[in-house]
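A.B. asks:
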Amino acid sequence: MTVLILIVLGILLSPFNGFAQDDTGKRIYNQWCAQCHGYEGDGEGYAKEFTFPKPRDFSLGTFKFRTTPSGDPPTDEDIIRSIRNGNPGTSMPAWKRFSDEEVKALVEYIKEFAPDVFEFEPEPIKIENAPPATEEIIKKGKELFRVAKCVECHGQHGRGNGKKAWRDDFKDDWGYRIDPANYTYPWELRNGSSLKDIYRTITTGLSGTPMTSYQDSLSDEERWALAHFIKSLQVERRLGISLRLKKVESIPESTDDPQWESLDWLDLPMAGQIIFEPRHFTPTITNVRVRGLYTEDKVAIMLEWVDKKPNKGDDGMPPDGIRLQFPSKIPDGSERPYFYMGDRRHPVNLWVWNAADNLGKEYIAKGPDTVYSQQKQDVKAVGVYDDGLYRVIFVRSINTGDSEDIVFETGRFIPFAVTVYDGRLQEQGNKGVISAWYYIMLEPSTPLRVFVLPPAVSLMVFFAGFLLHKRLSRKADA
Amino acid sequence: MRRLLILIIVSVMLTPLPGFAKRVRYKVVEVSNGGHITGVVKAAKKVPDPVLPIEIKPKEDPKETELEKKACGDKQQALMYLIGFNMGVKNVLVIVENVKEGKAPPKKDLVIDNIKCRFEPLVGIAYVKSKYVIKNSDPIFHNTSLAKVLKNKRRTVYNLALPRQGQVIKKPVRATGLHEVKCDAHYWMRAYIFASRHPYVAITDDKGSFEIKDLPPGKYKVRFWHEGFQDVVKEIEVKPGSTTNVSVTLTKTRKPSVLSRVGL
Chain A
273 MTVLILIVLG
283 ILLSPFNGFA
293 QDDTGKRIYN
303 QWCAQCHGYE
313 GDGEGYAKEF
323 TFPKPRDFSL
333 GTFKFRTTPS
343 GDPPTDEDII
353 RSIRNGNPGT
363 SMPAWKRFSD
373 EEVKALVEYI
383 KEFAPDVFEF
393 EPEPIKIENA
403 PPATEEIIKK
413 GKELFRVAKC
423 VECHGQHGRG
433 NGKKAWRDDF
443 KDDWGYRIDP
453 ANYTYPWELR
463 NGSSLKDIYR
473 TITTGLSGTP
483 MTSYQDSLSD
493 EERWALAHFI
503 KSLQVERRLG
513 ISLRLKKVES
523 IPESTDDPQW
533 ESLDWLDLPM
543 AGQIIFEPRH
553 FTPTITNVRV
563 RGLYTEDKVA
573 IMLEWVDKKP
583 NKGDDGMPPD
593 GIRLQFPSKI
603 PDGSERPYFY
613 MGDRRHPVNL
623 WVWNAADNLG
633 KEYIAKGPDT
643 VYSQQKQDVK
653 AVGVYDDGLY
663 RVIFVRSINT
673 GDSEDIVFET
683 GRFIPFAVTV
693 YDGRLQEQGN
703 KGVISAWYYI
713 MLEPSTPLRV
723 FVLPPAVSLM
733 VFFAGFLLHK
743 RLSRKADA
Chain B
337 MRRLLILIIV
347 SVMLTPLPGF
357 AKRVRYKVVE
367 VSNGGHITGV
377 VKAAKKVPDP
387 VLPIEIKPKE
397 DPKETELEKK
407 ACGDKQQALM
417 YLIGFNMGVK
427 NVLVIVENVK
437 EGKAPPKKDL
447 VIDNIKCRFE
457 PLVGIAYVKS
467 KYVIKNSDPI
477 FHNTSLAKVL
487 KNKRRTVYNL
497 ALPRQGQVIK
507 KPVRATGLHE
517 VKCDAHYWMR
527 AYIFASRHPY
537 VAITDDKGSF
547 EIKDLPPGKY
557 KVRFWHEGFQ
567 DVVKEIEVKP
577 GSTTNVSVTL
587 TKTRKPSVLS
597 RVGL
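Residue numbers (the working numbering), protein chains in the order written: chain A, 273 to 750; chain B, 337 to 600.
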């Protein structure tokens with residue numbers, strides 16, 4: 273009898289028993305996910321205050337990124353994709369450390385936070401027969417962009433600045449402010465930026481947001497055309513550490529001068545300033561594009577960035593603005609001023625522009641607490657906001673003669689950094705979006721002899737060889 | 337005996353869990369001796385029906401702005417407080433709660449039409465296993481975002497684009513409970529849908545009266561829901577073959593979110 277009881281107990285405690293549940297999913301979730309997504313799956317983790325977009329609240333049961341029609345829960349593969357690849361432009365990283373079995377267990381655990389949503393079997397859409405990109409299909413997509421009213425939220429150029437979008441009640445299911453996506457910056461597209469990703473987003477919509485599903489209202493062919501057009505709006509991001517400035521005859525005065533388009537550029541990834549108070553964890557500007565050129569006596573830098581809603585400082589919010597920073601002197605060694613506003617021993621020049629007064633101002637900074645305006649103002653700036661895009665040109669003399677001002681020597685790597693402000697997010701002062709140090713170099717103009725000497729030398733060598741050959745062959749003949 | 341007992345215990349414990357998890361929320365049964373509920377919902381005092389101001393932002397193409405203005409106008413009667421001569425309130429949802437079993441819900445699709453920049457109907461009942469039929473009768477873009485109303489939050493069920501006039505989209509009714517319908521392109525548009533597993537839900541007519549038939553006898557809670565009044569819940573008993581009268585007077589108003597959206 274005792275033996276029997278022991279056997280029964282043994283069976284009960286064995287892993288075959290339904291009650292001895294595997295807790296892998298929960299264990300991983302609590303160790304790696306709960307800090308942001310909350311132990312109850314409600315998005316109330318420690319990191320909530322420091323992230324934008326906010327960590328997903330699984331308990332609500334709304335899932336944005338799916339391959340399933342509006343109304344269906346995501347498939348397991350959809351959740352796995354978010355875990356494995358992360359979501360660009362958010363704090364969600366790509367998780368590679370878990371085994372496939374562990375990820376599956378994790379998915380099962382996440383689904384338990386909203387069990388009623390997962391009662392229905394999802395039917396994923398088919399993503400197939402992607403047509404090739406042609407001028408014709410992009411043109412068709414552009415027309416559909418208007419017909420399907422994408423333009424009303426995403427704007428003419430897809431920068432997320434559509435006029436309709438700016439209502440205070442544009443919120444997601446979780447009650448947070450939501451902006452239309454900027455298609456031109458692929459690195460910001462949370463649901464992916466490939467043609468198929470865009471097609472998927474148009475088809476299924478992003479549940480919980482105003483991004484609606486076009487699965488039933490546009491044909492498959494139309495959705496591919498639209499995806500092609502949207503894909504064609506993406507800009508090429510050129511990352512690097514330095515930008516060469518070419519010498520020209522004169523500086524183009526307007527921001528839409530075609531000369532600017534012909535120049536090379538450098539894209540600076542931007543981040544919130546979190547070293548000094550007030551710290552800024554939730555900025556939305558992600559990129560500033562830099563172009564530049566110089567003449568005999570002047571240097572010009574054009575900065576370009578997307579801001580979905582312009583603020584001129586007259587609506588109770590600070591104006592949008594941008595600041596360009598150079599060291600007061602080109603550093604001789606590798607030691608540069610502190611990258612944010614310089615330091616006591618290494619002052620920096622600040623060139624400042626804002627949308628309220630639209631002119632350039634010059635300051636010297638020796639750290640964020642020591643900033644003073646310069647007596648002699650040498651910087652000129654002009655900015656234009658057009659369809660979601662700011663373009664600001666700063667112009668200054670190569671050498672102002674002022675001992676505190678940087679001299680732009682040709683052929684040297686000159687550090688620069690940028691701070692940008694979006695008034696809509698109450699950005700001003702230390703609450704800004706900053707870059708690291710990068711470099712510009714004023715390309716030394718090529719002297720004329722570079723073009724004349726080498727060809728002349730090679731011609732002479734050719735003739736010398738020719739003569740030698742002739743003489744030798746004559747000798748051989750003789 | 338003891339061995340048998342142990343075996344029984346073991347077999348019970350080894351039964352897989354899902355057997356318990358799959359609970360039946362509503363059981364369809366034959367109701368032969370059911371009771372009925374009728375009543376009138378009245379307002380304690382007249383409440384003026386607000387007029388919603390409408391702002392059409394200019395579009396890139398002025399022709400489209402015109403089209404939009406023609407379809408939507410510049411203001412809209414809210415049709416929120418429809419209170420008759422007898423003080424009866426129209427469009428109150430009367431919902432019998434905690435119904436475990438009863439008649440099968442009707443096979444009846446709910447048409448939600450986008451017409452003249454409104455949802456028609458303003459208040460509707462949808463039945464699980466039937467469909468939502470979402471239509472656009474306007475010559476402009478609408479999107480229909482249907483979300484379940486939760487405490488302080490909403491859970492999107494469907495968000496469907498209807499860019500073209502005459503477009504019709506059918507979707508199954510799955511989630512139950514109160515749903516709010518919005519159009520992200522027109523911030524003043526709203527509708528309220530109650531999705532139900534059972535047929536014991538009604539909407540009051542323009543005299544404020546309603547009727548719910550063939551409920552299995554028993555004790556129930558009846559909830560009276562209206563966008564502009566606080567909920568009222570009544571506990572009632574339904575007796576076989578007889579009619580229970582449940583009349584209520586709505587006293588406390590509330591401010592629905594649409595009024596904040598239009599700036600009232």
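Using N, Cα and C, we set each Cβ at its ideal position, and we do this for glycine too.
Treat the numbers as computed from the prediction; the structure is a model and nothing was measured.
Does the structure place the segment 637-645 of chain A close enough to the segment 553-563 of chain A that three or more beta carbon pairs sit under 8 angstroms?
C.D. replies: Contact between the segment 553-563 of chain A and the segment 637-645 of chain A is absent, because fewer than three Cβ pairs lie under 8 angstroms.
A.B. asks: Give the DSSP-derived three-state secondary structure of A:Ser730 in the structure shown.
C.D. replies: helix
A.B. asks: From B:Asn450, B:Val537 and B:Ile419, pick the residue whose C-alpha is nearest to that of B:Tyr626; which is it?
C.D. replies: Outside the shown range of chain B, which is 337 to 600, sits residue 626 of chain B, and nothing can be said about it.
A.B. asks: So, A:Ser479 versus A:Phe330, is the Cβ gap smaller than 9 angstroms?
C.D. replies: no
A.B. asks: Could you give the uninterrupted runs of the alpha helix (DSSP H) lying entirely in the segment 491-524 of chain B, keeping only those of 4 residues or more?
C.D. replies: none
A.B. asks: Can you grab the Cα-Cα spacing for the pair A:Phe666 / A:Phe688, in whole Å?
C.D. replies: 13 angstroms
A.B. asks: Which value, in whole angstroms, describes the spacing of the CA atoms of B:Lys484 and A:Leu332?
C.D. replies: 10 angstroms
A.B. asks: Which of the three DSSP states is assigned to A:Pro599 in this structure?
C.D. replies: strand
A.B. asks: Nearest chain B C-beta to A:Tyr657 closer than 9 angstroms, yes or no?
C.D. replies: Judged by the 9 angstroms Cβ criterion, A:Tyr657 is not in contact with chain B.
A.B. asks: Give a yes or no on whether 9 angstroms exceeds the smallest Cβ distance from B:Leu595 to chain A.
C.D. replies: no
A.B. asks: Examine chain B for any beta-carbon lying closer than 9 angstroms to the beta-carbon of A:Trp446, and answer yes or no.
C.D. replies: True, the Cβ-Cβ gap to chain B drops below 9 angstroms.
A.B. asks: Which value, in whole angstroms, describes the spacing of the CA atoms of B:Leu458 and B:Ala527?
C.D. replies: If you draw a straight line from the Cα of B:Leu458 to the Cα of B:Ala527, it comes to about 5 angstroms.
A.B. asks: Taking only three categories from DSSP, how would you classify A:Glu391?
C.D. replies: helix
A.B. asks: Output yes if chain B places a C-beta closer than 9 angstroms to the C-beta of A:Lys435; else output no.
C.D. replies: yes
A.B. asks: Alpha carbon to alpha carbon, how far is B:Gly502 from B:Pro442?
C.D. replies: 27 angstroms
A.B. asks: For A:Met252, which residues in the same chain have their Cβ closer than 6 angstroms to its Cβ, ignoring the five residues on either side in sequence?
C.D. replies: Within the shown structure, residues of chain A are numbered from 273 to 750, placing residue 252 of chain A beyond reach of any answer.
A.B. asks: Out of A:Pro387, A:Lys468, A:Asp445 and A:Gly413, point me to the one whose CA is closest to A:Ala497's CA.
C.D. replies: A:Gly413
A.B. asks: The beta strand (DSSP E) that contains B:Leu486, what's its start and end?
C.D. replies: His478 to Leu486
A.B. asks: If you follow the alpha helix (DSSP H) that A:Leu540 is in, where does it begin and where does it stop?
C.D. replies: Element bounds for A:Leu540: not the alpha helix (DSSP H) but the beta strand (DSSP E), Leu538 to Pro541.
A.B. asks: Put A:Phe611 into one of helix, strand or coil per three-state DSSP.
C.D. replies: In this structure, DSSP gives A:Phe611 a state outside helix and strand, which the three-state scheme calls coil.
A.B. asks: Buried or exposed: B:Ala357, going by 16 or more other Cβ atoms within 10 Å of its Cβ?
C.D. replies: Below a pLDDT of 50, predicted positions are generally treated as unreliable, and B:Ala357, at 48, falls in that range; the measurement from the model is reported next regardless. It counts as exposed.
A.B. asks: Would you mind stating whether A:Thr752 and A:Thr340 have Cβ atoms separated by less than 9 angstroms?
C.D. replies: For chain A, the structure presents residues 273 to 750; residue 752 of chain A sits outside this window and is missing.
A.B. asks: Assuming contact is defined by CB atoms lying nearer than 9 angstroms, are A:Ala377 and A:Gly313 in contact in what I supplied?
C.D. replies: no
A.B. asks: Could you tell me whether any Cβ in chain B is nearer than 9 angstroms to the Cβ of A:Gly477?
C.D. replies: yes
A.B. asks: In the DSSP assignment, find the unbroken beta strand (DSSP E) run with A:Gln307 in it and report its ends.
C.D. replies: Run containing A:Gln307: none in the beta strand (DSSP E); it sits in the alpha helix (DSSP H), Ala306 to His309.
A.B. asks: What are the residues of the segment 457-484 of chain A that lie near chain B, defined by any Cβ-Cβ distance shorter than 7 angstroms?
C.D. replies: Flagged, chain order: Gly477, Ser479, Gly480, Pro482 and Thr484.
A.B. asks: Count the other CB atoms within 10 Å of the CB of B:Ile470; is the residue buried (16 or more) or exposed (fewer)?
C.D. replies: buried
A.B. asks: What first and last residue would you give for the beta strand (DSSP E) that runs through A:Pro687?
C.D. replies: Phe685 to Tyr693
A.B. asks: Does the pairing of the segment 535-542 of chain A with the segment 650-660 of chain A give three or more beta-carbon distances under 8 angstroms?
C.D. replies: no
A.B. asks: Measure the C-alpha to C-alpha separation of B:Leu418 and B:Val376 and round it to an integer number of angstroms.
C.D. replies: 14 angstroms
A.B. asks: Would you list the residues sitting across from A:Arg663 in a DSSP beta bridge?
C.D. replies: Beta-bridge partners of A:Arg663 (DSSP): A:Glu576 and A:Val656.
A.B. asks: Using alpha carbons as the reference points, say which of B:Leu496, B:Asn581, B:Asn422 and B:His534 lies closest to B:Asp449.
C.D. replies: B:Leu496
A.B. asks: Could you say which of A:Ser526, A:Leu467, A:His741 and A:Arg743 lies nearest to A:Glu400 if we only look at CA atoms?
C.D. replies: A:Leu467
A.B. asks: Out of B:Ser481, B:Ala511 and B:Ala379, which one is the CA nearest neighbour of A:Phe442?
C.D. replies: B:Ser481
A.B. asks: Please classify B:Glu547: does DSSP put it in a helix, a strand, or coil?
C.D. replies: Reduced to three states, the DSSP call for B:Glu547 is strand.
A.B. asks: Can you list, in chain order, the residues of the segment 378-397 of chain A whose Cβ is nearer than 9 angstroms to any Cβ on chain B?
C.D. replies: Ala386, Pro387, Asp388, Val389, Glu391 and Phe392
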